[in-house]
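Below is one structure, written out as structure tokens; comments come after it.
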Amino acid sequence: MWVEVLALDGAIATRERIDGAEARIGRAFDNDVVVDDPHVAPHHLRIFRDDAGELVAEDLGTVNGLYPEHGAQRSALLSLAKLSGIRIGRTTLRVHDGTRPVAPERALTAPRAHAAWAALLGVALLAMLAVLQWLDTTGQPRANVILLPLLGFIAILALWAGLWAVLSRVFLGQARFALQLRIAVTACLALIAWDQACETLSFALAWREMADYAALGVWALLAATCYAHLHAIGPRHMRFAMGIVLVLVGAGALLQYASRSEVRTLVGQSATLGELRPPALRLVPLASADEFFARAAGTRLKVDQARTREPGGGLFADFGQSD
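Below, the structure written as structure tokens:
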């Protein structure tokens with residue numbers, strides 16, 4: 100059998116091969132596996148095979164006991180047929196035998212490949228940003244008007260990828276900056292594509308809600324980007340870390356949604372759908388003059404009713420009302 104002692108970050112600190120019929124684990128030096136943990140007894144654990152030939156972990160009457168790796172139920176005996184991870188004190192162990200299957204070999208991606216892809220995607224990203232910046236320029240186009248925002252964006256993008264590279268160096272032992280930069284650049288391209296798609300569809304379909312709440316998709320892209328960065332690092336508690344990211348992103352999206360709804364309630368809808376597009380992209384026909392004046396009359400009626408209504412009890416008194 101093989102007994103693995105895991106470090107705090109989930110990596111395998113030591114791996115001991117046991118050729119005997121059983122393995123004894125504890126702090127004492129006469130054990131087969133010596134664990135340096137003050138919360139582990141001198142003779143804490145015994146690993147043996149039952150009558151069916153399955154590995155079993157037995158607590159040797161200790162104070163702190165024996166637990167599954169991710170469980171809170173103390174046990175005197177634990178079958179390791181389907182549960183390989185166990186916890187004693189503050190130490191996590193995993194026990195395997197020679198028949199346990201392992202994952203297939205993963206293809207190795209050279210750092211140069213990530214660097215080449217990051218450079219290629221980066222050039223495409225900068226070209227798209229330069230074109231969008233030029234289209235938004237209303238005056239005489241100048242180099243500093245277009246290049247300065249690009250330089251600031253490059254600095255922020257490098258800082259973002261650098262922070263994830265530092266985390267990767269801490270938890271994985273390798274910075275992998277090219278991979279983190281590739282993930283960040285890909286996320287920026289997806290963000291630009293989402294923004295342009297929302298602006299175009301809101302104009303083509305006269306879909307005001309898409310223009311108002313397109314930022315919710317940005318929060319979803321942010322969560323996906325963080326997941327990709329965490330997956331590249333591969334920490335032990337990735338589910339827990341991703342749960343924290345989703346909670347923070349969800350809280351930000353909820354606050355933005357509530358803020359947008361409050362502004363619409365107190366101030367009203369925006370006068371435009373967002374950025375203009377060529378008239379050929381308009382799929383919904385324009386309203387006729389009769390429809391326009393009918394809506395204007397309805398708006399006037401609401402305004403007259405609001406003038407005669409008694410004032411509410413505070414800033415958020417009208418929150419949630421349709422008018």
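Every number in our numbering is 99 more than the matching position in the sequence shown, counting from 1. Virtual Cβ for every residue (Gly too), placed ideally from N, Cα, C. Bear in mind the structure is a predicted one, so any value in this text is a computation, not a measurement.
Item, Value
"Secondary structure of threonine 113, DSSP reduced to three states", "strand"
"Proximity below 8 Å, CB of cysteine 297 to CB of alanine 313", "yes"
"Nearest residue (CA-CA) to alanine 322, options Glu374, Pro248, Gly342", "Gly342"
"For glycine 184, the residue or residues it bridges with in DSSP", "Arg193"
"Distance, valine 222 Cα to alanine 292 Cα", "16 Å"
"Valine 348 versus glycine 316 - alpha carbon distance", "11 Å"
"Helix, strand or coil at valine 265 [DSSP, three-state]", "helix"
"Contact under 8 Å by Cβ, valine 155 with leucine 179", "yes"
"Residue burial classification, arginine 281 (beta-carbon count within 10 angstroms, cutoff 16)", "buried"
"Same chain only: Cβ atoms within 7 Å of alanine 110, ignoring 5 sequence neighbours per side", "none"
"Buried versus exposed call for isoleucine 255 [16 or more other C-beta atoms within 10 Å across all chains shown]", "exposed"
"Which of helix, strand or coil DSSP assigns to serine 387", "coil"
"Sub-8 Å separation of glutamine 279 and histidine 330 beta-carbons", "no"
"For alanine 156, the residue or residues it bridges with in DSSP", "Ile146, Leu177"
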